[in-house]
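Each residue of the sequence shown is one higher than the one before, starting from 742 at the first, in my numbering.
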Amino acid sequence: MGLLWATWALCAALALGFLVQPVSPTAQLALCGAAGGGMVVLWLLFPRRGLARMLFLALGTTVVIRYVYWRLTGTLPALDDPVSFGLGVVLALAELYCVLILTVSLIINVEPLARGAAPTLPEAELPTVDIFIPSYNESVEILGVTLAAARNLDYPAGRACVWLLDDGGTDQKCADADPARAETARSRRAELQALCAALGARYLTRARNEHAKAGNLNNGLTQARADLILVLDADHAPFRPFLRETVGLFAQDPKLFLVQTPHVFINPDPLERNLRTFTKMPSENEMFYGVTQAGLDKWNGSFFCGSAALLRRAALDAVGGFSGITITEDCETAFELHARGWTSAYVDRPLIAGLQPETFADFIGQRARWCQGMFQIMLLKNPLLKRGLKPIQRLCYLSSMTFWFFPLPRLIFMLAPLLHIFFDVKIFVSSIDEALAFTATYVAANMMMQNYLYGRVRWPWISELYEYVQGVYLARSIVSVMLSPRKPSFNVTNKGAGLDHDHLSSLAWPFFAIFGALVAGCATAAWRYLFEPGVTSLMLVVGLWCLFNLVIAGAALGVVAERRQPERSHSLPVTRRAVASVGGAVFEVMVERASAEGCRLHRCDGSAWPVSAGAGSVGRIVLAEAACGPLTFRQGSGLSGETWDVTFTDSGPAMFRSLAELMYGDVSALRAFLSGRHRHENLLSGSLRFLVWGVTEPVRAITYAVRDRRSVPPVAQPLTAPAVAVPARPTPTEIPSASAGSIRAYAAEEPSTLIASPVVAPAIAPDAAPLAARAAAAMLPPLATVPVPLIVPASAETPIQARRAAPPAQALEARASVSMPLTDAAWRRAVAELAAAEASAALTVATPAAASIGAAAETRLDPAAWLAEIFALAGVERAEANRADLVRGPDFRALGREPVAPATIRSAA
742 MGLLWATWAL CAALALGFLV QPVSPTAQLA LCGAAGGGMV VLWLLFPRRG
792 LARMLFLALG TTVVIRYVYW RLTGTLPALD DPVSFGLGVV LALAELYCVL
842 ILTVSLIINV EPLARGAAPT LPEAELPTVD IFIPSYNESV EILGVTLAAA
892 RNLDYPAGRA CVWLLDDGGT DQKCADADPA RAETARSRRA ELQALCAALG
942 ARYLTRARNE HAKAGNLNNG LTQARADLIL VLDADHAPFR PFLRETVGLF
992 AQDPKLFLVQ TPHVFINPDP LERNLRTFTK MPSENEMFYG VTQAGLDKWN
1042 GSFFCGSAAL LRRAALDAVG GFSGITITED CETAFELHAR GWTSAYVDRP
1092 LIAGLQPETF ADFIGQRARW CQGMFQIMLL KNPLLKRGLK PIQRLCYLSS
1142 MTFWFFPLPR LIFMLAPLLH IFFDVKIFVS SIDEALAFTA TYVAANMMMQ
1192 NYLYGRVRWP WISELYEYVQ GVYLARSIVS VMLSPRKPSF NVTNKGAGLD
1242 HDHLSSLAWP FFAIFGALVA GCATAAWRYL FEPGVTSLML VVGLWCLFNL
1292 VIAGAALGVV AERRQPERSH SLPVTRRAVA SVGGAVFEVM VERASAEGCR
1342 LHRCDGSAWP VSAGAGSVGR IVLAEAACGP LTFRQGSGLS GETWDVTFTD
1392 SGPAMFRSLA ELMYGDVSAL RAFLSGRHRH ENLLSGSLRF LVWGVTEPVR
1442 AITYAVRDRR SVPPVAQPLT APAVAVPARP TPTEIPSASA GSIRAYAAEE
1492 PSTLIASPVV APAIAPDAAP LAARAAAAML PPLATVPVPL IVPASAETPI
1542 QARRAAPPAQ ALEARASVSM PLTDAAWRRA VAELAAAEAS AALTVATPAA
1592 ASIGAAAETR LDPAAWLAEI FALAGVERAE ANRADLVRGP DFRALGREPV
1642 APATIRSAA
């Protein structure tokens, strides 16, 4: 073995010595042309495996080495110009980083491991499985489908148990000092307990929200006892064959601690939605799950990705459970177990479907957490120094961690040409001939290797676009974690948020600034090259570089120009046979797409839909080969030829069970959809498509910017108002929980013995009167008021009786805040929302006093009058600013739910 390694080292040294010989641009162009021609022949005539694959990558590496040698020896500025030399070295280091990442990726992905199917075990030998579904703030609709799909897995009864690990209903949250937040947590806990009881799952919460997701999972380990742990994110619903296609691998290898499967998403990310590529272009994560994880698997380096993974309980016990020092507990846990000698496996078959962030802001928030978490592991648990890891495993982890440095070189590449264009800083020295012979051939060889390895899962230039749109914001995250590695905290990613109109992302402004700077740079470079005396050909090279950056920046403007997407429930491709009945007519249908809201029906026999299938018609569908209840529907968007889009009318656990079987009972349709996107996009067509985005998307983004600016209402000027009377603080009363009805319905539908015992949280007393109210009441006489509805212990007075003539504006509930600074702007927003509620509905209150005299008081809100009074109150508060910075405003959500009189608002203030 030593002789073999010595031979390889000698050959490598000889090859390297040949490749670093200085040659003329003409000779370099001929050499690279020959290497590129050989790559084309190997690409077109030979399979992409074995010796042909190795030779292709060797020829590409030849071009890369020639470029690096020229770049370091012939292009750096002279030392007598320290500014140019320093900035030139920074640019060269950024390029060396890219070469390093390319080299490591070639080593890891030179021959990805393609695992066969897991062995089938006899029923009696199947391991027991605890299915953990950690949750924080996800809705009942998302959790209901995931729980039902987990309960529907193809596995023997009694050998799998589903756990909902709820971090949104902990004792800490139920005892929150804010009464509204405490009530929300208690209501959530009760509702999810009832949901678990109805679906046959176990509900588990804990005392405090410590160590984020890792702490939640470890709390589950204290109660679970199975051989394996299946971890699923709250929005990651598993397909029925998940366990059958994975558990057998644990029987093959007693040291196997992990079986990871790919994450598949049924909704587009911001780039896919805004550039409209979701149905035809592979998603960003498919490069990682389609190639990189399989490459890591070859070297026993595939790692836990937080969900869609099975872990051996004994291995977790050996390291004290899930690691929680960093905010990426998944990779950190795998890192520790690999260092202990455990092994991992990656199964490249989609077995779950989940959601990914839809808004650009949420997308950046998620990636910032990943970035900071990987840097935390690198800084706090350096893989180069970690005992127990093999050298290739160190390289695998180092590759996954150093990848997240990409924001820094990407921003350097975007902005570096502007230094020469505007300030004549010579960041590198080159002629047109040299740039063509070395730089152009390097870029071509690099793109050919990337397209050869990843073309099935990544289109040309898409990586550059993803890196740029993330890099603008992640650079700050890198600096933050480098300065304080233990500072980052875990943040839950928001998912399932609809977008009801076209608009610019709130994070769009830096992209417009960079785009404008690049436009100015291109124009200046052209003018200087054509008309300014003494300008060399270097200006042309830098100008072309700036133009390339401008195309990327233009496409990025399309990413931050958010397209409308009102759907909150995304559909999944399915192919399920069913029987439909509408108005007495019964016929066979094929369900082609399904979501939590509805599905698309296709008539199997090609006949016309029955006359009863019209507006307002109600029907039912029953799956042909599944033991689940029917789904009731009504007409959705209407009939279209042989298809019919319908909307489900059911709700509750029974609907979740039927929907889980419909959407996640068969994975074949999803796999066919993903395979349809895995088509190879060649360099020419991919480059042309990217160029079109660079030209057209800035126009759309600027259109959105103009439209958004015109739609912004003018800001009201501060008003001066005389002092007014402030009411005395009323006696609060209790509002019944809005979710009580649904909880009773869940519990009554299907009782279960699997629910954990509920934990009763202590009652929360109402806050003391706000400072402003106390101060104002001391100076002014109180006014007669109507009691305001606030949440207090059950011993409070009888709630006021109220009725609503019409529902209020939905925006009032969504945008109101229970606790806010008492500032002019905050109160103006609150009053404007009350005015909107008045415009959309008449509010009527029957107070106890009114009932005693046999009359009901109908009132109308007067925003102008109340604005004056509230500003006077705010003035009193500001006078006491040294004693209190934050006070409790009125519970506007309660005001939106119940009709109120103006006196009630005064009392709430």
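A virtual CB, placed ideally from N, CA and C, is assigned to each residue, including glycine.
DSSP places M1022 in no beta strand (DSSP E); its state is neither H nor E.
Positions of the alpha helix (DSSP H) runs, each at least 4 residues long and wholly inside the segment 1335-1406, are given as 1394-1405 in order along the chain.
Taking one beta carbon from each stretch, the segment 864-879 and the segment 896-908 have 3 or more pairs nearer than 8 angstroms; the two touch. Setting aside the 5 residues that flank it on each side, N950 is surrounded in the same chain by D908, T911 and Q913, each with a C-beta closer than 6 angstroms to its C-beta; the list follows chain order. The closest CA to that of H1244, considering only G1196, L1298 and S1225, is found on L1298. Pairwise C-beta distances place the segment 1001-1013 in contact with the segment 1077-1096, as three or more of them are shorter than 8 angstroms.
Distance from the CA atom of F759 to the CA atom of F1179, rounded to whole angstroms, is 16 angstroms. The residue from A1258, N1232, D1038 and R1199 with its alpha-carbon nearest to that of N1290 is A1258. Straight-line measurement puts the Cα of R929 at about 10 angstroms from the Cα of R922. The three-state secondary structure of H1242, taken from DSSP, is coil. The segment 1011-1075 is shown to contain whole alpha helix (DSSP H) runs of 4 or more residues at 1011-1015, 1034-1039 and 1054-1059, in chain order. Look at S880 here: in three-state DSSP terms it is coil, with no helix or strand label. A967 and R1053 have their C-alpha atoms some 9 angstroms from each other. For D907, there is no enclosing alpha helix (DSSP H); the enclosing beta strand (DSSP E) covers residues A901 to D907.
Taking every protein chain shown into account, the CB of D1346 has fewer than 16 other CB atoms within 10 angstroms, so this residue is exposed. Excluding sequence positions up to five before and after P853, its CB lies within less than 7 angstroms of the CB of V1032, A1035, G1036 and K1039, all in the same chain and listed in chain order.
For the pair of segments examined, the segment 1156-1167 was found not to touch the segment 1098-1107: the number of CB pairs separated by less than 8 angstroms stays below three.
When DSSP states are grouped into helix, strand and coil, Y896 belongs to the coil group. The DSSP assignment places 953-962, 989-993 and 1011-1015 as complete runs of the alpha helix (DSSP H) inside the segment 939-1020, in order along the chain (cut-off: 4 residues). Counting along the chain, S1221 sits inside the alpha helix (DSSP H) bounded by residues I1203 to L1224.
Taking P1351 as the centre and dropping the five residues before and after it, the same chain places the C-beta of V1323, G1324 and A1326 closer than 7 angstroms to its C-beta, in chain order. When rounded, the separation of the alpha-carbon atoms in A1055 and V1440 is 57 angstroms. When C-alpha distances from A775 are compared across A799, P788 and T1390, the shortest belongs to A799.
In the DSSP assignment, V831 falls within the unbroken alpha helix (DSSP H) covering P823 to I849.
V805 and G1339 have their C-alpha atoms spaced approximately 53 angstroms apart. By the neighbour-count definition (other C-beta atoms within 10 Å, threshold 16), M1119 is a buried residue. Two segments are said to touch when three or more pairs of C-beta atoms, one from each, lie closer than 8 angstroms; by this definition the segment 1132-1144 touches the segment 1041-1049.
Distances from the CA of Y896 to each of L958, F983, L940 and C915 were compared; the closest alpha carbon is that of F983.
Closest in C-alpha terms to I1443, from the list V1213, A1249, A768 and L990, comes A1249. In this chain, the alpha helix (DSSP H) harbouring T1444 covers L1424 to S1452. Secondary-structure assignment with DSSP links E924 through no beta bridge to anything. Of L940, V1408, R1305 and V1332, the smallest CA-CA separation from D1241 is found for R1305. Fewer than three beta-carbon pairs drawn from the segment 857-867 and the segment 1361-1374 are found closer than 8 angstroms, and the two stretches are therefore not classed as touching. Counting of Cβ neighbours within 10 angstroms places V1184 among the exposed residues, the total staying below 16. The Cβ atoms of A939 and I883 lie no closer than 8 angstroms to each other.
The Cβ-Cβ distance between A833 and F826 does not fall below 8 angstroms.
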